[in-house]
Amino acid sequence: MNSDKTDVKKPSYWYCDRCARVINHGEFRYNCTVCDNYDYCQQCASTAAPIHPHRMVPELAYGLEESRDCGRVDISTGIRAAMAKYCDRHCLGTRDIDNDNPSIHKDSYSWITFKTIGDRTKYFGHGLRRLIEPRAYLGICAANRPEWVITDFACILQSIISVPIYTLFTDREIAYVINNTQISVIVCDKNMLERFVALHPQCPTLRHIVCMDPILNTISPNKSDNDLAIHYMGDIENDGLAKKYEYVSMEPDDHLTIIYTSGSTGFPKGAIISESTFRATFPQWGVTSSLERITLSYRPLAWSADRDAVITTFLDGGRTGFSTGDPSRLMEELALVRPNYFGAPPSIWNKIYTEFNTSLALITANSTVYATSKEEHHLLQQFSKLIPNRCKSIAVGGAKVSPAVLDFMKRCFTHCSVNESYGITECGSVAYNNQADYYLQYRLESVIAMGYTLDDKPYSRGELLVKTNQMFSGYINNPDETHAAITEDGFFRTGDIVELRTDQSSLPHIRVIDRKKNFFKLSQ
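Take the position in the sequence shown, starting the count at 1, then add 16; the result is the number in the working numbering.
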């Protein structure tokens, strides 16, 4: 099948809940932010009397897509197929700002289509080839935005190895990452540009910096200074219009990306992720679904979990709205994007729980036991609105969460399933709701010095060692850390002390109870 072919007419599964007419593919539907699956056509939204009592948000109506069986093809083919198949859908969105006062954010998002993202990715990839060869290393360091994803996809399509870099890294850590992977090109935003220019003397392999934003007059683009050239991303895309390169395919064992994690020596460690490992992260694409996947991207894309969520949404023909990056705006942006799923670290759920308890204490200070119970129930209903009506699943991951907070989440957000996820950069998903993944290979080793042994009662306890189909290939240019992390038979030492429980089900329950170094991850 020609992956670039799209249907001219696609039957729609949307209809107007007022006049009952079908809302055709490509038309706007006005979706209620409170009522589930409640839509008006454009005419009813503008003429209905009485008007609907809740806020109605314009969204595109999509037709059913044909199921394209891509099989387990390489990730590059999957990305290109999605670009063609969903070309007229909304893909990536950013929050609107006031033209007269950029510090003011509007209560709306603007969306870019798959076609626009596909075209920009193609041209930017062509332009990059004038600066860097396939299988060389390129760093990405910027806030979450469409250009981050465009850069990531351009690297994949041209077999350039991407190296995401956290904007919160210190200068010392950034210089280490550049030198550790011998990065020759950095793609960054305007907030990071001057930092990379200043770091250049410490990074002899760095030759080009590409800025996602127009470059200030104080820094001249394309001007060579001490072997460093600075470019504007838009100019690189324009170069790609004139000079075209073929897509470069990857072999399954080729390095696709390097993901940096915390290191015991004070420097981050670069986990090598191959094409086959990266591909295994994502579900089989080409499966038709009437449920539009919608994602809010607010955690750094340099962190594998958020990057994976954006790519999964893309492959499924869904859309991702980017947060402004301001933590104080997170909940209002959650309400604007209204994703189907929302995962967050314990710190966010802890904050909501604390605010709930503070509010409850204030309103029940002089209440009877009966009144307190009634007021608590009412307050839970109010707090439940923090998670939008379209969101049917929430999760906590990244660190331990207290039982009290988890219980609160289940009592408050009753319109959602509440889940716990446990995954590791080096080997992907390990457990969900404390139940080991179906394909997980695992074993425990006693840590006698900390008092944990396989003979502990009622459950065995020890360090968890795992092997998955998402295993990394080692730490780049770091044989000592690689040797310490991977056993001779290929198992990864997680450093997590777990309690292994078994029940009637065939899958064990894994509960993290400590760290081997007696140091828990921060709640992020």
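The C-beta atom is built at its ideal place from N, Cα and C for all residues, glycine as well.
Judging by CA-CA distance, which residue of the options is the nearest neighbour of residue i?
{"i": "Asp269", "options": "Cys60, Phe185, Arg295", "result": "Arg295"}
{"i": "Ala452", "options": "Phe424, Lys483, Val463", "result": "Lys483"}
{"i": "Lys532", "options": "Gly506, Ala501, Leu232, Cys48", "result": "Ala501"}
{"i": "Val421", "options": "Val326, Gln174, Ile368, Asn405", "result": "Ile368"}
{"i": "Arg71", "options": "Gly256, Leu232, Tyr276, Leu352", "result": "Leu352"}
{"i": "Glu149", "options": "Trp127, Phe169, Gln174", "result": "Gln174"}
{"i": "Asn494", "options": "His247, Phe169, Phe140, Tyr276", "result": "Tyr276"}
{"i": "Gly414", "options": "Ser445, Ala214, Ala377, Tyr248", "result": "Ser445"}
{"i": "Lys260", "options": "Leu215, Ala170, Lys473", "result": "Ala170"}
Please report the distance separating the alpha-carbon of residue i from that of residue j.
{"i": "Ser489", "j": "Pro284", "result": "16 Å"}
{"i": "His525", "j": "Asp512", "result": "14 Å"}
{"i": "Val528", "j": "Lys122", "result": "42 Å"}
{"i": "Ser200", "j": "Asn53", "result": "49 Å"}
{"i": "Leu144", "j": "Pro66", "result": "55 Å"}
{"i": "Lys206", "j": "Ser344", "result": "22 Å"}
{"i": "Val412", "j": "Ser278", "result": "20 Å"}
{"i": "Arg309", "j": "Asp332", "result": "7 Å"}
{"i": "Gly478", "j": "Arg151", "result": "40 Å"}
{"i": "Phe399", "j": "Ile166", "result": "36 Å"}
{"i": "Ser83", "j": "Lys138", "result": "Its pLDDT being 46, under 50, Ser83 is placed unreliably in this model, and the coordinates cannot settle the point."}
{"i": "Glu436", "j": "Asn450", "result": "7 Å"}
{"i": "Tyr31", "j": "Leu222", "result": "54 Å"}
Following the continuous alpha helix (DSSP H) through residue i, name the residue where it begins and the one where it ends.
{"i": "Ile368", "result": "362-379"}
{"i": "Arg406", "result": "Per DSSP, Arg406 belongs to no alpha helix (DSSP H) and is neither H nor E."}
{"i": "Ser437", "result": "Per DSSP, Ser437 belongs to no alpha helix (DSSP H); it is in the beta strand (DSSP E), 433-440."}
Quick check: residue i and residue j, are their CB atoms within less than 8 Å of each other?
{"i": "Tyr454", "j": "Leu516", "result": "no"}
{"i": "Ala77", "j": "Ser119", "result": "no"}
{"i": "Leu154", "j": "Val203", "result": "yes"}
{"i": "Ile177", "j": "Leu272", "result": "yes"}
{"i": "Ile91", "j": "Ile156", "result": "no"}
{"i": "Met99", "j": "Glu163", "result": "no"}
{"i": "Tyr491", "j": "Ala191", "result": "no"}
{"i": "Asp505", "j": "Met466", "result": "no"}
{"i": "Ser418", "j": "Ser433", "result": "no"}
{"i": "Glu291", "j": "Arg111", "result": "no"}
{"i": "Tyr46", "j": "Val73", "result": "yes"}
{"i": "Thr311", "j": "Pro355", "result": "yes"}
{"i": "Ile274", "j": "Val179", "result": "yes"}
{"i": "Thr441", "j": "Leu481", "result": "no"}
Would you give the residue range spanned by the beta strand (DSSP E) that residue i belongs to?
{"i": "Gln457", "result": "457-461"}
{"i": "Trp127", "result": "121-129"}
{"i": "Val201", "result": "201-204"}
{"i": "Cys48", "result": "44-48"}
{"i": "Cys57", "result": "55-57"}
{"i": "Met72", "result": "72-76"}
{"i": "Val528", "result": "525-531"}
{"i": "Ile177", "result": "177-180"}
{"i": "Glu515", "result": "508-517"}
{"i": "Ser290", "result": "285-290"}
{"i": "Leu352", "result": "Counting along the chain, Leu352 falls outside any beta strand (DSSP E), though it belongs to the alpha helix (DSSP H) covering 346-353."}
Contact the region 125-139 vs the region 100-113: 3+ CB pairs below 8 Å
Result yes; three or more Cβ-Cβ pairs closer than 8 Å.
If we count Cβ pairs, one from each stretch, closer than 8 Å, do we get three or more for the region 391-401 versus the region 335-345?
The region 391-401 vs the region 335-345: no contact.
Does the region 258-272 come within contact of the region 422-434, defined as at least 3 CB pairs closer than 8 Å?
Short answer: they don't touch.
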